[in-house]
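Participant:
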Amino acid sequence: MIFQGEFNNSIDPKGRASIPAKFREILADSYGDEVLVVTKNIEGGLSAYPLSIWGRIVERVQQSVPGPEKNAIIRLIVAPATECAFDKQGRVLIPPALRSHAGLEREIVVVGMFEKIDLYSQLKYAEVTRHSEELLQSSPDFVSAVGL
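Numbers given in the working numbering equal positions in the sequence shown, counted from 1, plus 2.
(1) Considering Cα atoms alone, identify which of Pro15, Pro142, Phe5 is closest to Tyr33.
(2) The alpha helix (DSSP H) that contains Pro98, what's its start and end?
(3) Using the rule of at least 16 other Cβ atoms within 10 Å of the residue's Cβ for burial, across every protein chain shown, is Ile44 buried or exposed?
(4) Which residues does DSSP pair with Lys42 in a beta bridge?
(5) Suppose contacts are defined by Cβ-Cβ distances below 8 Å. Is Val145 in contact with Glu85 by that definition?
(6) Can you tell me where the alpha helix (DSSP H) holding Ile59 begins and where it ends?
(7) Which of the three DSSP states, helix, strand or coil, is assigned to Ser146?
(8) Does Asp120 pass the burial test, meaning 16 or more other C-beta atoms within 10 Å, or should it be called exposed?
(9) Tell me the residue span of the beta strand (DSSP E) that contains Leu95.
(10) Does the segment 94 to 109 come close enough to the segment 14 to 21 to have 3 or more Cβ pairs within less than 8 Å?
(11) Is the beta carbon of Ile55 closer than 8 Å to that of Lys118?
(12) Return yes when the Cβ of Gln124 is within less than 8 Å of the Cβ of Val111, no when it is not.
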């Protein structure tokens, strides 16, 4: 099963973000995990990965050719990654530095992206969505190729 769906949720003043029950079930059933690895993404939000998926990503980064791009990925995405466990209410505690990067304050958008979960402030998600719409409007062949 894949993470799929868009949910308007909240993050409390302590930085605990609500993750939809549907996503928690997929994490447990499909990945055998009760922990997410949360890190920055390049769109100004956060991405949360099951441990097994994150392990494969780190392995690919380690095996990649040395250079400035590899260092940038390590510095910006791998280094800030944090394992986050769920509390009894289905929330994960997002560290302050990650919350600050994504501008997460009260209302957040939690988006299923197949093998990962993205978290955005509502304002940032509106911007990312606008950019995605523009990209797809300028790529009609790709849209057609996937059957849309």
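Every residue gets a Cβ at the ideal spot worked out from N, C-alpha and C, and that includes glycine. The structure displayed is predicted, hence computed values, not measured ones.
Facilitator: Inspection of the coordinates gives the following:
(1) It is Phe5.
(2) Taken as a continuous stretch (DSSP letters only), the alpha helix (DSSP H) holding Pro98 covers 98 to 104.
(3) Exposed, by the Cβ-count rule.
(4) For Lys42, the pairing in a beta bridge is given by DSSP as Leu48.
(5) Their beta carbons are not under 8 Å apart, which means Val145 does not touch Glu85 by this criterion.
(6) Its alpha helix (DSSP H) spans residues 53 to 65.
(7) Helix.
(8) Burial is judged here by how many other beta carbons sit within 10 angstroms of a residue's own beta carbon; Asp120 has at least 16 and is buried.
(9) Where Leu95 is concerned, the enclosing beta strand (DSSP E) stretches over 93 to 95.
(10) Counting C-beta pairs closer than 8 Å gives three or more between the segment 94 to 109 and the segment 14 to 21, which meets the contact rule.
(11) Yes. Within cutoff.
(12) In contact: Val111 and Gln124 (Cβ atoms closer than 8 Å).
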